[in-house]
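Read left to right, the sequence shown gives residues 0 to 375 (numbering that gives the first Met the number 0).
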Amino acid sequence: MKIPFNRADIGKHDLELLSESISAGHISGNGPFTKQAEARITEILGNDKTLLTTSCTHALEMAALLLRLQPDDEVIVPAFTFVSTASAFMLYGAKPVFVDVRQDTLNIDIDQVESAITSRTKAICVVHYGGIACEMERLVKISRDHNLVLIEDNAHGLFAKYKGKYLGTFGALATQSFHETKNITCGEGGALILNDPSLSERAEILREKGTDRTKFLRGQVDKYTWVDVGSSWVISDLLAAILYGQLQRADEIYLQRMHIWSRYHNELLSWASSNSVITPTIPDGCEHTGHVYHLRFQRGIQRDKFIEHLKNLGIYAVFHYQPLHLSTVGRSLGGDDGQFPITESAGDCLVRLPLFNTMPEDEQSHVIESVKVFNP
Ligand SMILES: Cc1ncc(COP(=O)(O)O)c(C=O)c1O
């Protein structure tokens, strides 16, 4: 049995919509499926505007451009995240300032955020790791008190909630990913979630190469022209059609993923506690969507042996983020060993188990049995 880490579920319904998009003849950006997918997300989240983009990375870049960053501006980000959370801001001239994450959720450590604020801080960009929320009231308050823009890199957490409110609706801006490993996917894709109406019009312009083409397509101007800087971040309507199909199936995908996530959690708890392996913590008030199931060993060597053990049994389990402050760029910004111990330990000791909504029961049973025979 060969069990991949992820198997994207592009189903019959999604393919029918893809074929509809081809027949309708609008396969470039800003087409009918893009509009329907954006409207669906906004209808659920209740945000001001949703703009589909070519990736979460590009949505983060749009967020950075919307901030009108100046050289020497700083953006506080967790050291335990994907490269794009930091590089998007650096691309537009700001300095990412790293802080460590909390031991329980691996989300940004808010005490450290407060200590990292300086007169040059412009924004805080948080990540809801595995779709499990950061403590949003505190973050909203800190960003208001210091007049900072709060951005949620919600790559993992579409439709997850914190105290009954959807993730992505707390900050002025949030970003989503529809990469093939995400719960809802179109291969590569993303979205910028706008919660501050004063940013929405400019965001549309940035996404359309710095032009007011979106207004033109809505019939609000009779020709479109160059009005600002920008780039080409619109997604092809072919991908938006697949995405719309996935969004229509979101409840079903959610239930399937939660079933698999919960089965791992229930069946591995006792093995984990007798082997000092840490399982995910879901704080009160957090409703996640079963995006990541991870285990953390006490030592990196145990994690590496575990990945090898599963590989020998045909199972592909993977590690996750490597500490950004210890990357080549991170070190050039002053990052050093031992600076953020929880991030460093998660980089060395964390492993993600295979998890996808179509995972057959016997495949998951094989993973669970294979985990349980491992003796760290
Ligand atoms: C937290 C986080 N932000 C951003 C990204 C980048 O997403 P994309 O591949 O859609 O650009 C990822 C990738 O998985 C991620 O984990």
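Ideal placement from N, C-alpha and C gives every residue a C-beta, glycine not left out. Computed from a predicted structure; not experimentally measured.
Which two residues bound the contiguous alpha helix (DSSP H) that contains residue i?
i, result
"K1", "Careful: K1 lies outside any alpha helix (DSSP H) and carries neither H nor E."
"K214", "R212 to L216"
What residue range does the beta strand (DSSP E) around residue i cover?
i, result
"G189", "G189 to L193"
"V370", "No beta strand (DSSP E) holds V370; the alpha helix (DSSP H) holding it covers E360 to K371."
"L50", "K48 to T52"
"I277", "Element bounds for I277: n/a, residue is neither H nor E."
"L349", "L349 to R351"
"L354", "Run containing L354: none; DSSP gives neither H nor E here."
"P375", "Here P375 belongs to no beta strand (DSSP E), and DSSP marks it neither H nor E."
"D152", "V148 to D152"
Under the three-state reduction of DSSP, which class applies to residue i: helix, strand or coil?
i, result
"G393", "In the structure displayed, the chain extends from 0 to 375; residue 393 sits before or after that span and is not available."
"S344", "helix"
"K140", "helix"
"H57", "helix"
"Q175", "strand"
"I40", "helix"
"I9", "coil"
"K160", "strand"
"P31", "helix"
"L68", "coil"
"H26", "According to the sequence displayed, residue 26 carries Ile and not His. Residue state, collapsed to three classes: coil."
"I131", "coil"
"L14", "helix"
Please confirm whether any heavy atom of ligand 1 lies closer than 7 Å to the CB of residue i.
i, result
"A154", "yes"
"F81", "yes"
"H178", "yes"
"S86", "no"
"C55", "yes"
"V126", "yes"
"G313", "no"
"G189", "yes"
Can you grab the Cα-Cα spacing for the pair residue i / residue j, in whole Å?
i, j, result
"T288", "Q245", "15 Å"
"P3", "P359", "12 Å"
"K371", "H290", "22 Å"
"A93", "D211", "27 Å"
"I277", "G28", "44 Å"
"D303", "C348", "8 Å"
"E396", "W260", "With the chain running from 0 to 375 in the structure shown, residue 396 is simply not present."
"H324", "L332", "8 Å"
"L14", "I241", "7 Å"
"I149", "T33", "A small correction: the amino acid at residue 149 is Leu; Ile does not occupy that position in the sequence shown. Rounded to whole angstroms, L149 to T33 spans 26 Å at the Cα level."
"G167", "K222", "34 Å"
"L294", "E307", "15 Å"
"L216", "C185", "24 Å"
"Q175", "L157", "7 Å"
"E187", "E179", "6 Å"
"S22", "D283", "48 Å"
"E151", "R119", "20 Å"
"Y128", "S231", "28 Å"
"N194", "I40", "13 Å"
"L65", "Q297", "41 Å"
"E343", "I75", "18 Å"
Check whether the Cβ of residue i lies closer than 7 Å to any heavy atom of ligand 3, and answer yes or no.
i, result
"S272", "With respect to ligand 3, the structure offers nothing, as its ligand set consists of ligand 1."
Counting only beta-carbon separations shorter than 8 Å, does residue i have a partner in chain C?
i, result
"S27", "The chain labelled as chain C is not found in the depicted structure, where only one protein chain is given."
* Asked: Which ranges does the beta strand (DSSP E) cover as unbroken runs of at least 3 residues, wholly within the segment 91-122, from first to last along the chain?
  -> 94-98
* Which parts of the segment 290-344 are runs of the alpha helix (DSSP H), unbroken and 4 residues or longer, counting only runs that do not cross its ends? -> 299-311 and 327-331
* **Runs of alpha helix (DSSP H) lying entirely within the segment 191-275, each at least 4 residues, in chain order** => 196-206, 212-216, 236-247 and 249-273
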